[in-house]
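Given below as structure tokens:
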């Protein structure tokens with residue numbers, strides 16, 4: 002997986018910091034209220050950097066370095082963005098940058114697979130039976 006412009010942390014992990022051009026691509030596609038807050042502060046950009054760190058390193062959320070913020074706070078915001086459909090807009094803005102879009106798709110797929118498991122109609126979950 003190509004990760005041009007990705008910095009390496011002191012422990013060898015890949016740290017991702019969005020450059021200004023990629024940040025503007027994303028910020029311009031965010032929903033109006035999120036976009037207004039994002040352009041007036043750094044927290045949304047740091048949040049995206051945190052999600053990219055997890056995605057690029059394929060690491061558990063709890064391994065997120067503290068300089069990105071509390072891992073649980075980042076994870077909760079990530080899940081809110083999933084349910085609000087914001088990640089779809091982010092991925093559209095990153096279409097020309099698969100080095101960032103593909104890792105985010107991987108994290109989204111993992112989240113959706115654990116939260117929305119699919120069941121086959123032919124293999125319904127049978128209630129537990131007692132043999133006594």
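In the numbering used here, the protein residues as written are 2 to 133.
The C-beta atom is built at its ideal place from N, Cα and C for all residues, glycine as well.
Note that the C-beta distance between residue 38 and residue 28 is not below 8 Å.
The C-beta separation of residue 50 from residue 25 comes to about 15 Å, leaving the pair out of contact by the 8 Å criterion. A straight-line Cα-Cα distance of about 30 Å links residue 114 and residue 20. A distance of 8 Å or more separates the beta carbons of residue 48 and residue 77. Of all alpha-carbon atoms in 32, 31, 34 and 58, the one lying nearest the alpha-carbon of residue 100 is that of 58.
Along the length of the region 39-124, whole alpha helix (DSSP H) runs at least 4 residues long occupy 44-58, 72-85, 87-94 and 99-116, reported in chain order. Here residue 44 is exposed. Its C-beta has fewer than 16 other C-beta atoms within 10 Å. Closest in C-alpha terms to residue 82, from the list 105, 97 and 69, comes 105. If you compare the alpha carbons of 112, 61 and 32 with that of residue 80, the shortest gap goes to 112. Taking a contact as a CB-CB distance under 8 Å, the pair residue 98 and residue 23 counts as one, their CB atoms being some 6 Å apart.
Taking 8 Å as the upper bound for CB-CB distance, residue 109 and residue 102 are not in contact here, some 10 Å apart.
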